[in-house]
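Report on the structure given below.
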Amino acid sequence: MPVVKRQSLEMAVHNISRYGDTDVFPFPLENHWFHDDHGGVVDLLEKIDADFNTMITEYPVVFVKSLSSVGYSGFRAATQLDPIWNAYLLALVIELGPDIEAARVRPDRNTIFSYRYSPDAATSQLFSRDLGWHAYQKEALARTAAASFIVATDISDFYPRIYHHRLENALQRVTANQDAVGRIMRLLNASSEGTSYGLPVGGNASRILAELLLNAVDHLLLTHKVEFVRFVDDYCVFAGSRQDLQKALVALSEYLLHEGLSLARAKTRLMTQAEFVRGSPVAEETVAESADESEARKFLKLRLTYDPYSSTADDDYDKLSTELKHFDIAGMLAREFRKSRVDEVLVRSLVKSIRFLAEHVREQTVRSLLDNFELLYPVFPTVMILLRTILPELRDTTRTYLFAKFRELVRDDSHIVLVPTNLAFVVRLLALDPDSEADALLIQTYDRPAVNMMIKRDILLAMARKRATYWLSPALQQFSTITPWQKRSLLVASYVLGDEGKHWRRRVEHQLGEVDKRFLTWVGGKNNGGIWEIPL
């Protein structure tokens, strides 16, 4: 009997190929493999499911744990799993998804608004689109009508501090599929560097598992009549008096402590009803607000989610473009750039909206982004995703200016690219830069001992896209001494070298496991009839 049904494997592969494996790192090349060879990848995952113990021994779980920035001076650890194991982990969690969702506080209680499992076979989305951050904010605002005091708070270092033992107990209580539970825990343990805590940050499997971990706290709070709403690790707690609010805050802290978690003291804020309403991004404008504050508040009420795979994608795009014409996006960004620190929530939404602007406004706004990297540091990945998306649509002069700015960041060893996740995004853009200095900077970065295998993997792919045969040819000789992700990139890069690459692949083929052999078959198909332009 399979531990994971084919339907769950298919949903996992479709979800990753459409929406990515993480919201922290650039998507790995394997996402394109998943998209092109969906059936073959699912067949491979079925083999892993049928012979899990052998496969995890022959093909160990490989991962990268890197720093990503939080705000202007904070950091957190983010983990990217090997794409195949990431897909299998997601499939395991999808298999348990109905059991996990059934155990959670019901959606109609209007209390828990994050990652409600409601898969859509047509779009491969996993979560309800009706519940989310906006719904959380609206419900929090509505509940202030019956509350005099509110606490807004969140959990300190939530994902990295989730104890595996507590999570395993929670999983065992909600499902009869104990084999799936055991495999989930084995994969988590394999990616936690010998510790017994932490979930990989940024993927859908971790999101569902994290919601289950907090489920006991949710039920305890409701049982003890605590008025609250939650979105992931953010809480709003409501009470009629300061004393009652303090009691509720103590209860929340005690329940979290039982799970090995604690509230972030610096982010815990007690407010009156008026203070909360004034700070709510979804409240109606107040008389005391300036015109700029009113425009920002109205802008944040827009739903900027856009799914290019939707059956109504064109209409959705046109609707968003029309709605955004009512806002001065460039002006709002300019006002943020005059501050010493930007409003991250507002600027993140403003950056996402740039792709929907008219061409002349978009060009002007992109240049403004490029001139303000220091201020944009807390939202740098969002900026990079936007720039990579619209790069083909930019004018030549703007593209030239953009590439020069990114070469400058790497050349000057900017603190922005000292953060590995930021550097990973920059490498992807430099792969498209025709200037010879970009090649030299990529090679210099590759040669740094401290650079992790995720970035080295992408530099190999970048140099292959650039047809840098002078550097790739000697790189082939390092195959036996480099990391698994670099090896896979060299397999891709070898096609740039023509007959030399063909003979080399024959020599190393006996060293490849089943996963890499299937990956190589896909790459060979992409290069059939010409050299493939590697998507980065």
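The sequence shown begins at 16 in our numbering and counts up by one. Beta carbons are placed, not taken as given, at the ideal position from N, Cα and C, and that holds for glycine.
Item: Residues that L254 bridges to, as DSSP identifies them; Value: The question names Leu, but residue 254 is Ala in the sequence shown. Answer by DSSP bridge pairing, in chain order: F164.
Item: Backbone secondary structure at F246 - three-state DSSP; Value: strand
Item: D531, DSSP secondary structure in three states; Value: helix
Item: Whole-angstrom C-beta distance between V442 and A477, which should lie under 8 Å; Value: 6 Å
Item: Opposing strand residues paired with M16 [DSSP bridges]; Value: Bridge partners of M16: none, in fact.
Item: Coil, strand or helix - P435 by DSSP; Value: helix
Item: Cutoff 8 Å; reference R370; Cβ partners in own chain excluding five residues on either side; Value: R377, L401, T404 and I405
Item: Backbone CA spacing between V302 and E308 [nearest angstrom]; Value: Residue confidence for V302 is low, a pLDDT of 49 falling below 50, so the modelled location carries little weight and cannot support an answer.
Item: Per-residue DSSP class, three states only, for Y74; Value: coil
Item: Classification of P550 by the beta-carbon crowding that lies within 10 angstroms, buried from 16 upward; Value: exposed
Item: Straight-line Cα distance separating T484 from L141; Value: 42 Å
Item: Sub-7 Å separation of P215 and T94 beta-carbons; Value: yes
Item: G513 versus F494 - alpha carbon distance; Value: 17 Å
Item: Rounded Cβ spacing between P98 and D36 (contact assumed at less than 8 Å); Value: 6 Å
Item: Three-state class that DSSP yields for P41 in the structure shown; Value: coil
Item: Whole runs of the alpha helix (DSSP H) within the region 451 to 485, excluding any shorter than 4 residues; Value: 451 to 461 and 468 to 480
Item: Counted within 10 angstroms of its Cβ, other Cβ atoms place I552 as buried (16 or more) or exposed; Value: Limits of the chain in this structure are 16 at one end and 551 at the other, which puts residue 552 out of reach.
Item: Counterpart residues of S81 in DSSP-defined beta bridges; Value: A93
Item: Whether F253 touches E242 by CB criterion (7 Å); Value: yes
Item: Assigned secondary structure, V302 (DSSP; H/G/I helix, E/B strand, else coil); Value: Because V302 carries a pLDDT of 49, less than 50, the predicted location of this residue cannot be relied on, and the following value inherits that uncertainty. Coil at V302, not helix or strand.
Item: Segment limits, alpha helix (DSSP H) that includes L417; Value: D411 to R426
Item: S364 - DSSP class collapsed to helix/strand/coil; Value: helix
Item: Per DSSP, the bridge partner or partners of I344; Value: According to DSSP, which records beta bridges pairwise, I344 is partnered with nothing at all.
Item: CA-to-CA distance, H29 to R257, given in whole angstroms; Value: 49 Å
Item: At least 3 beta-carbon pairs within less than 8 Å: the region 80 to 90 vs the region 156 to 172; Value: no
Item: CB contact flag (E351, V360, <7 Å); Value: no
Item: Straight-line gap, V434 to Y250 (C-alpha atoms, nearest Å); Value: 29 Å
Item: A185 beta carbon less than 7 Å from that of L227; Value: yes
Item: Closest Cα partner of H149 within the set A137, Y132, N125 and T138; Value: N125
Item: Cα-Cα separation between L59 and V530, rounded to whole angstroms; Value: 8 Å
Item: F291 - DSSP class collapsed to helix/strand/coil; Value: helix
Item: Reference V432; option with closest CA among L535, V18, L82 and A27; Value: L82
Item: Top-ranked residue by Cα proximity to A102, from Y178, S221, L491 and H180; Value: S221
Item: Extent of the continuous alpha helix (DSSP H) to which Y151 belongs; Value: W148 to R158
Item: For F142: DSSP bridge partner residues; Value: Y132
Item: Nearest candidate by alpha-carbon position, reference T436, set V166, A191 and A92; Value: A92
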